[in-house]
Amino acid sequence: MIRIFSLIIFLLFPLIISAQTEARLLRFPAIHDNQIVFTYAGDLYTVSDQGGIARKITNHDGYEMFARFSPDGEQLAFTAQYDGNTEVYLMPAHGGVPKRLTYTATLGRDDIGDRMGPNNMVMTWKHDNRTMVFRSRMKSYNDFNGSLFTVDTAGNMPEQIPVPRGGFCSFSPDDKKMAYNRIFREFRTWKRYRGGMADDIWIYDFATKKIENITNNPAQDIIPMWYESKIYFLSDRDELKRMNLYVYDLDTKNTDRLTDYKEFDIKFPSLGKKAIVYEYGGYIYKFDLASRQSEKINIRFAEDMLTGRDGIISVNKNVTNFEIAPDGNRALFGARGDVFTVPQKYGVTRNLTLTSGVHERNSKWSPDGKW
89 MIRIFSLIIF LLFPLIISAQ TEARLLRFPA IHDNQIVFTY AGDLYTVSDQ
139 GGIARKITNH DGYEMFARFS PDGEQLAFTA QYDGNTEVYL MPAHGGVPKR
189 LTYTATLGRD DIGDRMGPNN MVMTWKHDNR TMVFRSRMKS YNDFNGSLFT
239 VDTAGNMPEQ IPVPRGGFCS FSPDDKKMAY NRIFREFRTW KRYRGGMADD
289 IWIYDFATKK IENITNNPAQ DIIPMWYESK IYFLSDRDEL KRMNLYVYDL
339 DTKNTDRLTD YKEFDIKFPS LGKKAIVYEY GGYIYKFDLA SRQSEKINIR
389 FAEDMLTGRD GIISVNKNVT NFEIAPDGNR ALFGARGDVF TVPQKYGVTR
439 NLTLTSGVHE RNSKWSPDGK W
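The numbering used here runs 88 ahead of the 1-based position in the sequence shown.
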């Protein structure tokens, strides 16, 4: 009998990241003055807006994401999974003990891999320096819909913003109005979407309870960022068919395109006092509001990166397919993207593919057992 329950193999992971090496897949940046915070490998890091070696400020098996500086730059609100659920937390901007602010539940998945995005995502701060806004499904009947809530730094009960549903948002300088998306689909993989869930940017007036659509076109207009008398946002409306940065002037009602990217979409921009930071092609870029110029931030890491080390891993629970050899002496298994043969009782386990960047699966013996 083939003993698959004891299958333990060596998986050799190439050392992708070495000391002080520039990395990619840097996510969800935010900026305050000359400091940038972002997510890398599920943890939060800070770095100068001039680049350099990043400093890790969280270290947990769960995911920490969507960090946002308070208006004075002293605190960070972010979404994390310290206690299981994806909730809103607060910590000093230089690092410290996270304080949990929300206690909710979700109807289903609420992690970063969900196509509707994680639950309880921190969106922004109000200008009072004590109130933050997050998007939650705590009152939704399904995972497709979320609403905007406020919570204060003391962790009092969240209050729903009086709009039926919402996504990314930003407040006017006096906090009397809010620019927001009514639909949230930034984690969907459909690009150049022009259907019924294509988003516009709306302005909600808290005093009059009226809303105004300021974009109103078939393309995706998302992630508004209110700065003085202008609203910056992403759109794929023009001939480039890529998410680029635009600006809408509240006085003139004119819209201008500010970037001309053709290869990738801009992802998850965030507004600071003088600049906007965003993802592009896995790197972080900074757009200067005064000069209207973008530059790549060269970010390096200098730490042990334990997940990049070689190691011994049991794949008993990761087997995707198996087959017995025609002579019955060996078995063929697929696990973690590689193909292995295992002896019936004694002998060597062989990794036939040993590729770290390719996923092999659905392996089969030839009828004569030679292939």
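Note that the Cβ used here is the ideal one computed from N, Cα and C, for glycine as well. Note that the structure is a prediction, hence the values are computed from the model and not measured.
- Spanning the alpha carbons of T241 and M313 requires a straight line of approximately 22 Å.
- Annotation for K297: P250 place their beta carbon closer than 8 Å to its own, counting only its chain and skipping 5 residues before and after.
- DSSP places G422 in the strand class (E or B) of the three-state scheme.
- In this structure L440 is exposed. Its beta-carbon is surrounded by fewer than 16 other beta-carbon atoms within 10 angstroms.
- In this structure, the beta-carbon distance from M211 to F256 falls below 8 Å.
- Shown here for S317: same chain residues with a beta carbon closer than 8 Å to its own, the five before and five after excluded, namely D337, L338, D339 in chain order.
- Pairing F154 with L164 gives a Cβ-Cβ distance that is not under 8 Å.
- Check the Cα spacing between D293 and each of V427, S258, M266, K374: the tightest is with M266.
- Under the three-state reduction of DSSP, G399 is assigned to strand.
- In the DSSP annotation of this structure, the continuous segment of the beta strand (DSSP E) that includes N409 starts and ends at 407-412.
- Nearest in C-alpha terms to R188, of all of M220, K405, Y170, R388, is Y170.
- Looking at the backbone, the Cα of R143 and that of G416 are separated by about 54 Å.
- Q169 is bridged by DSSP to nothing; it lacks a bridge partner.
- Of the residues assessed, Q381 falls on the exposed side of the cut-off, its CB having fewer than 16 other CB atoms within 10 angstroms.
- Distances from the alpha-carbon of G150 to those of P206, D160, P159 put P206 closest.
- Taking the C-beta atoms as reference points, E152 is found nearer than 8 Å to T127.
- Under the Cβ criterion (8 Å, minimum of three pairs), the stretch 126-140 does not count as touching the stretch 409-429.
- If you check the CB distance, R270 and G254 come in under 8 Å.
- Taking C-alpha positions only, Y371 is separated from F428 by approximately 36 Å.
- Secondary structure remark: continuous beta strand (DSSP E) runs of at least 3 residues inside the stretch 307-386, in chain order: 309-315, 318-323, 332-337, 343-345, 354-359, 363-368, 371-376, 381-385.
- S228 has its alpha-carbon roughly 30 Å from the corresponding atom of D353.
- Taking a contact as a CB-CB distance under 8 Å, the pair L114 and E411 does not count as one, their CB atoms being some 41 Å apart.
- Sequence-distant partners of A363 (beyond 5 residues in either direction) whose C-beta falls short of 8 Å from its own C-beta, in its chain, are I119, D137, K374, F375, D376, L377.
- Taking a contact as a CB-CB distance under 8 Å, the pair T167 and M209 counts as one, their CB atoms being some 5 Å apart.
- In this structure, the straight-line span from the alpha carbon of S402 to that of T343 is close to 56 Å.
- Cβ-Cβ separation between N406 and A423: approximately 5 Å, consistent with a contact (criterion under 8 Å).
- Going by DSSP, F237 is part of the beta strand (DSSP E) stretching over 235-240.
- Here D326 is actually not in contact with D309; their C-beta atoms are around 12 Å apart, not less than 8 Å.
- With 16 or more other Cβ atoms inside 10 Å of its own Cβ, E175 counts as buried.
- For P180, the enclosing beta strand (DSSP E) covers residues 175-180.
- For N305, the secondary structure class from DSSP, reduced to helix, strand or coil, is coil.
- Distance from the CA of R223 to the CA of T437, rounded to the nearest whole angstrom, comes to 49 Å.
- For L164, the secondary structure class from DSSP, reduced to helix, strand or coil, is strand.
- Considering only N304, V446, A111, the residue with the shortest C-alpha distance to R282 is N304.
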